[in-house]
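Residue numbers for the sequence shown follow our numbering, beginning at 191 and rising by one. Glycine included, every Cβ here is placed at the ideal spot set by N, Cα and C.
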Amino acid sequence: MALGLAGCGVSPGTEGMPPGADGRDVKQWACPSGVASRLKVITPPGTGPVIISGQLLGTDQLVNANGVLYFGTNFYDGSAVLWRTDGTSSGTTRVRTFPPSMRGPPRLGGLVAVGDQVFFELDDTATGNELWVSDGTERGTRLVKELAPGMDGVSLQHLTSLNGLLVFVRNVSLPAPTFMRREVWRSDGTDAGTFRVAVLPSDVEVRFTSLKVGAALHLFLSSEPHGTTLWRTDGTSAGTFAVKKLDARSTYVHHVAQAGNLGLFVLDDGPNDEVWTTDGTTAGTVRLESFGRSTSLLGVLDSSVYLATQSTDTKRLHVERVSLSGGGKTRITTLPNLYANLPDATPYLQRTTSSGGRLYFSMAIGGSGPAPRDVSLWATDGTTAGTQLLHHPLDLSDDSNSSLFATGDGSVFFSASKDGLFTEPWFTRGTPATTGQLADINPGTWGSSPDGFARLGSRVYFFASDETGEYQLWSTPSGIHCPPGAAPAK
Numbered sequence: 191m192a193l194g195l196a197g198c199g200v201s202p203g204t205e206g207m208p209p210g211a212d213g214r215d216v217k218q219w220a221c222p223s224g225v226a227s228r229l230k231v232i233t234p235p236g237t238g239p240v241i242i243s244g245q246l247l248g249t250d251q252l253v254n255a256n257g258v259l260y261f262g263t264n265f266y267d268g269s270a271v272l273w274r275t276d277g278t279s280s281g282t283t284r285v286r287t288f289p290p291s292m293r294g295p296p297r298l299g300g301l302v303a304v305g306d307q308v309f310f311e312l313d314d315t316a317t318g319n320e321l322w323v324s325d326g327t328e329r330g331t332r333l334v335k336e337l338a339p340g341m342d343g344v345s346l347q348h349l350t351s352l353n354g355l356l357v358f359v360r361n362v363s364l365p366a367p368t369f370m371r372r373e374v375w376r377s378d379g380t381d382a383g384t385f386r387v388a389v390l391p392s393d394v395e396v397r398f399t400s401l402k403v404g405a406a407l408h409l410f411l412s413s414e415p416h417g418t419t420l421w422r423t424d425g426t427s428a429g430t431f432a433v434k435k436l437d438a439r440s441t442y443v444h445h446v447a448q449a450g451n452l453g454l455f456v457l458d459d460g461p462n463d464e465v466w467t468t469d470g471t472t473a474g475t476v477r478l479e480s481f482g483r484s485t486s487l488l489g490v491l492d493s494s495v496y497l498a499t500q501s502t503d504t505k506r507l508h509v510e511r512v513s514l515s516g517g518g519k520t521r522i523t524t525l526p527n528l529y530a531n532l533p534d535a536t537p538y539l540q541r542t543t544s545s546g547g548r549l550y551f552s553m554a555i556g557g558s559g560p561a562p563r564d565v566s567l568w569a570t571d572g573t574t575a576g577t578q579l580l581h582h583p584l585d586l587s588d589d590s591n592s593s594l595f596a597t598g599d600g601s602v603f604f605s606a607s608k609d610g611l612f613t614e615p616w617f618t619r620g621t622p623a624t625t626g627q628l629a630d631i632n633p634g635t636w637g638s639s640p641d642g643f644a645r646l647g648s649r650v651y652f653f654a655s656d657e658t659g660e661y662q663l664w665s666t667p668s669g670i671h672c673p674p675g676a677a678p679a680k
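Put into C-alpha cells, the structure is as follows:
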C-alpha cells in the first residue's frame, strides 16, 4: 500500500513542502488478517447504539484492577451493564445489569480501579448520581454511601486512586451568597470508611485539571480575590493544604504531564503561557519558562521537557525544548501547515504519548467548522532530523479524537484511515517505514472507529464497531512486528 502522503522528516529544507515531496517513497504495509480478533460480543446486534463508559468524556474506558479489566456499557433505553474480563472470552462476563431507567444515558461512568475494587458513578432513579463500588461479583456491586439523600445525587470531580483509597472532590450546592462548597473526600469502599477529610476555601473554583505526583493529588484552586494556588491532598486532613500561590489572578491550568516524581503543567497567564514543574513542595514548585503564545506539553525526554508553541501568526506549531533545571529554551523545528493560506487553519495539539525514547503527538489543523481540516501523527526524538510525520489523516470527525496508546512493547496504536472519515486500528514503532494498518475490522466504507485501548498481560484490548454494526470488545498482541514480512494491503 504505497501512500504518497506517508511521511517525511522535518527540516528547514522541507518545511512547507507536501509530505513525501522530498523524493522518498515510504511503503506502509498492513498486518496479515487475524492479528486482531474479537474477544466477545458485548452488544447484541440490534440492541445498540451503545455508549462505553468514559467514551463521551475522554476518560479511561477499560480500567485494570489487579489483572482484571472493567468497563461499562450504556444503552439508550437507560439500561447499563458493568462488565469484567480476564482477557478470555469465557472470562468476559456481566458483573451487574441495571434495568432501563429514565435517567441517562449514560448512567454508568467514571470508573477508577483501586486495588481489587473498581469504583464508578451510577445515576439511579431512587438516589440520583452516587458513588458505587464492585469487587467483580454481582453481590459485591453496591452503593458505597448515599452522599446526598434523595434523587438529586452528587457532583464529583477528580476521582483518583491514591494510597489504596479513592480520593475525590465533592461539590456541594449551598444557598446564596456562597452557592458552592468544595470538599475533599476519601473512601475504602465501605460506608464507615467514606468520609470528608477537608473543606477547601470558599469563593474558589476547583479547576477541571489535576495532577497526581508521588503519593498526592494536586489541585488548582482559582478565584479573583485569591488568585490561583496549587493545593495537594494525600487523602488525610493533615495532608491537605496549599502548596504555593502560582498567580495573583484567576487563571487556568492546562496540559498537565508527569516526569517520574515531577509534575508539569502550563499556566495561562494572560498574554503568556508559563511552563511549571512541581515535586509537591513549595520550594520544588517553580516556573521553568514563559512563552508569549499558546503552549502545549508534548512530554519529557531525558532531562528536558518538550513543548508545542504557536507561531505569532497562529499558522505554525514550533517544537521547543526547555531543560527541567531551567536555563532557557531551544527551538527544535517548525511543523509544516499546508493550509496556512486558508482562514481559520490554526494548528493545535490533540493527544500525546511516549514510547521507546520518542514523543508521539497528533496535530490538527482547524477549519471553518467544528471538524478539523487535517489531523496528522508525528514523532520526535528531540532532534530536528528525528521529528517525523508518520501518517495522516487520522480521525477528522468533529466529536472525537484519534486514540494514541503506547503498548509498552515499543509500539504505539492509534486510529487512522486513508480519507479521515472511517478509521481502523493502526500501529507505529516511530518511523514512517514501521507504520501501518493493524487490521481492517469493518471492511468497506464505514470503518470500525477503534477506541479505549488498554493492556492486560501480553495483549491490548479495545472497542471497535465490526460487522455486527455495534461496538464489541477486540484484542491484539501488544508486541506486534509487522511490517516487515506482511503481505501488502489491498
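Check: Which class does ALA623 belong to by DSSP, given the choice of helix, strand or coil?
Finding: In the structure shown, ALA623 adopts helical secondary structure according to DSSP, grouped into three states.
Check: beta strand (DSSP E) containing ASP314: first to last residue?
Finding: Judged by DSSP secondary structure, ASP314 falls within the beta strand (DSSP E) whose first and last residues are 307–314.
Check: What is the DSSP secondary structure of SER515, counted as helix, strand or coil?
Finding: Coil.
Margin query: I'd like the span of the beta strand (DSSP E) that includes SER345, first residue to last.
Written below: Looking at the DSSP string, the run of the beta strand (DSSP E) that includes SER345 is 345–352.
Checklist line | Reduced DSSP category for TRP466 - H, G, I as helix; E, B as strand; rest coil | finding: TRP466 falls in the strand class under three-state DSSP.
Notebook entry, point to check: Within 10 angstroms of its Cβ, does LEU349 collect 16 or more other Cβ (buried), or is it exposed?
Noted result: Buried.
Next item on the list: Going by CA-CA distance only, name the one from LEU549, ASP564 and GLY516 that's closest to ALA535.
Entry: Measuring C-alpha to C-alpha distances from ALA535 to each of LEU549, ASP564 and GLY516 identifies ASP564 as the nearest.
Next item on the list: Can you check the segment 362–416 for any alpha helix (DSSP H) of at least 4 residues that lies completely inside it and give the ranges in chain order?
Entry: As for any alpha helix (DSSP H) of minimum length 4 sitting wholly inside the segment 362–416, there is none.
Check: Expressed to the nearest angstrom, what Euclidean distance is found between the alpha-carbon atoms of SER279 and LEU229?
Finding: Annotation: SER279 to LEU229 spans about 5 Å, alpha carbon to alpha carbon.
Next item on the list: Could you check what DSSP says for HIS671 in three-state terms: helix, strand or coil?
Entry: Three-state result, HIS671: coil.
Check: Are the CB atoms of GLY600 and GLY546 nearer to each other than 8 Å?
Finding: The answer is yes: Cβ separation under 8 Å.
Next item on the list: Pull up the DSSP beta-bridge partners for ASN264, would you.
Entry: ASN264 pairs with ILE241 and ALA270.
Checklist line | the segment 567–583 contacting the segment 614–621, beta-carbon criterion three pairs below 8 Å | finding: Yes, the segment 567–583 touches the segment 614–621.
Next item on the list: Starting from LYS434, follow its DSSP beta bridges and name the residues at the other end.
Entry: Note: LYS434 sits in a beta bridge opposite LEU420.
Item checked: Closest by C-alpha distance to SER593, when choosing among THR249, ILE232 and ILE241 -> Looking at the Cα atoms, THR249 is the closest of the given residues.
Checklist line | Between the CA atoms of GLN500 and PHE310 - distance to the nearest angstrom | finding: Those two C-alpha atoms are separated by around 38 Å.
Item checked: TRP664 to ASP342 span [Cα, whole Å] -> Across the structure, TRP664 and ASP342 are spaced so that their CA atoms are roughly 37 Å apart.
Next item on the list: Using only alpha-carbon positions, find the residue among GLY281, ALA644, SER269 and VAL253 that is nearest to VAL231.
Entry: For VAL231, the closest alpha carbon among the candidates GLY281, ALA644, SER269 and VAL253 is that of GLY281.
Item checked: Proximal residues to GLY206 (C-beta, below 7 Å), its chain only, five neighbours per side dropped -> With a pLDDT of 38 at GLY206, under the threshold of 50, the modelled position of this residue cannot be trusted; read the value that follows with caution. Listed in chain order, the non-local C-beta contacts of GLY206 below 7 Å within the same chain comprise PRO526, local neighbours out to five positions each way being set aside.
Check: If you drop the 5 nearest sequence neighbours on each side, which residues of the same chain put their C-beta closer than 8 Å to that of ASP492?
Finding: Excluding positions up to five away in sequence, the list reads GLY572.
Next item on the list: Using 10 angstroms around the beta-carbon of ALA575, count the other beta-carbons present and answer buried if the total reaches 16, otherwise exposed.
Entry: Flag for ALA575 reads exposed.
Checklist line | Residue range of the beta strand (DSSP E) that includes ASN151 | finding: Lying before the first or after the last residue shown, residue 151 is absent from the chain, which here runs from 191 to 680.
Item checked: Rounded straight-line distance, which links the Cα of PHE455 to that of HIS444 -> Taking the straight line joining both Cα atoms gives about 6 Å.
Check: Secondary structure at MET553, three-state DSSP: helix, strand or coil?
Finding: MET553: strand per DSSP, three-state reduction.
Check: Taking the C-alpha atoms as reference points, what is the distance between ASP469 and PHE643?
Finding: The straight-line gap from Cα to Cα measures roughly 29 Å.
Next item on the list: Quick one: grab the DSSP three-state call for ARG649.
Entry: Shown here, ARG649 sits in a strand according to DSSP, grouped into three states.
Next item on the list: Measure the Cβ-Cβ separation of GLY141 and THR613 and say whether it is below 8 Å.
Entry: No statement about residue 141 is possible, as the shown extent of the chain runs from 191 to 680 and does not include it.
Note to self: Can you tell me whether GLU660 is helix, strand or coil according to DSSP?
What the structure shows: DSSP places GLU660 in coil when its eight states are reduced to three.
Margin query: Just to confirm my understanding: we take ARG541, look at its own chain, exclude 5 residues before and 5 after, and list those with CB closer than 8 Å. What are they?
Written below: Counting only Cβ-Cβ distances below 8 Å, and skipping sequence neighbours, we find PHE551, SER552, ASN591, SER592, SER593 and LEU594.
Margin query: Does GLY647 pass the burial test, meaning 16 or more other C-beta atoms within 10 Å, or should it be called exposed?
Written below: Around the beta carbon of GLY647, fewer than 16 other beta carbons sit within 10 angstroms, so the residue counts as exposed.
Check: Where does PHE643 sit, in a helix, a strand or coil, going by DSSP?
Finding: Note: PHE643 maps to strand in three-state DSSP.
Notebook entry, point to check: Helix, strand or coil for PRO537 per DSSP?
Noted result: Strand.
Note to self: Tell me the rounded alpha-carbon separation between LEU407 and SER243.
What the structure shows: For LEU407 and SER243, the distance between alpha carbons rounds to 23 Å.
Next item on the list: Grab the span of the beta strand (DSSP E) containing TRP568 for me, first residue to last.
Entry: Element bounds for TRP568: 564–570.
Item checked: Distance between beta carbons of LEU298 and LEU272, contact taken as under 8 Å -> With a Cβ gap of about 6 Å, LEU272 and LEU298 count as contacting.
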